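Here it is in structure tokens:
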């Protein structure tokens, strides 16, 4: 189709609108700032490719391309709180053993989760964190500066808590949340 003529490609325009609406819904539900829109759209696309079944083929897009059923055990609630074990050297005995971060999607290159670090404002890919899907990041506003600094985590309904499991991206590796959060101490 010609440039700047969306009316010539209605199917793709509708698909793009679906992704934008899904991203807006995820950002609104988690009350995350709007600068995370790209992560939300990528997550919506990732989930759609593994969950929506085409009527014509009776399979998901992932199944059509890879010739196997997708693993959806590792799906997480967008915007949920996650805990990552501190790996820096000056952690000390009395400092926190883990950092609280926010889940914002799935890695494109690795079998890992995309995590947003509020303190450094960086996105990182990790595979060994614990997710608490019962708590999502809630901020008082969606302003970029205030929402990250004034965040408070709130409980969400019980229906989402059943979705939280400790399965990882790899089917072979099963970790319990206690192993990740509570490392053994020699005190």
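In our numbering, the protein residues as written are 1 to 187.
Backbone N, C-alpha and C fix where the C-beta goes; we use that ideal spot for every residue, glycine too.
Just so you know, these numbers come straight off a predicted model, no measurement behind them.
Are the beta-carbon atoms belonging to residue 26 and residue 40 less than 7 Å from one another?
What you label residue 26 is simply residue 26 of the chain shown in a count that begins at 1. What you label residue 40 is simply residue 40 of the chain shown in a count that begins at 1. Yes, they are a contact pair.
Spell out the partners DSSP gives residue 100 in its beta bridges.
Mapped onto the chain shown, residue 100 falls at position 100. Bridge partners of residue 100: 83.
Could you check whether the segment 122–129 touches the segment 50–69, counting it as contact only if at least three pairs of C-beta atoms, one from each stretch, sit closer than 8 Å?
no
Spatial neighbours of residue 13 in its chain, beta-carbon cut-off 6 Å, leaving aside the 5 residues before and after
Here residue 13 corresponds to residue number 13 of the chain shown, with the count starting at 1. Within the same chain, residue 13 has close Cβ partners 6.
How should residue 94 be labelled, buried or exposed, when 16 other C-beta atoms within 10 angstroms of its C-beta is the threshold for buried?
The residue labelled residue 94 in the question sits at position 94 within the chain shown. Counting of Cβ neighbours within 10 angstroms places residue 94 among the exposed residues, the total staying below 16.
Anticipated Cβ contact below 8 Å, residue 106 with residue 19, distance rounded:
Against the chain shown, residue 106 aligns to sequence position 106. Against the chain shown, residue 19 aligns to sequence position 19. Contact flag wrong, Cβ pair sits at about 15 Å.
Considering just the uninterrupted stretch of the beta strand (DSSP E) at residue 36, what are its terminal residues?
The count along the chain shown starts at 1 and reaches residue 36 at position 36. Looking at the DSSP string, residue 36 is not in any beta strand (DSSP E), and its letter there is neither H nor E.
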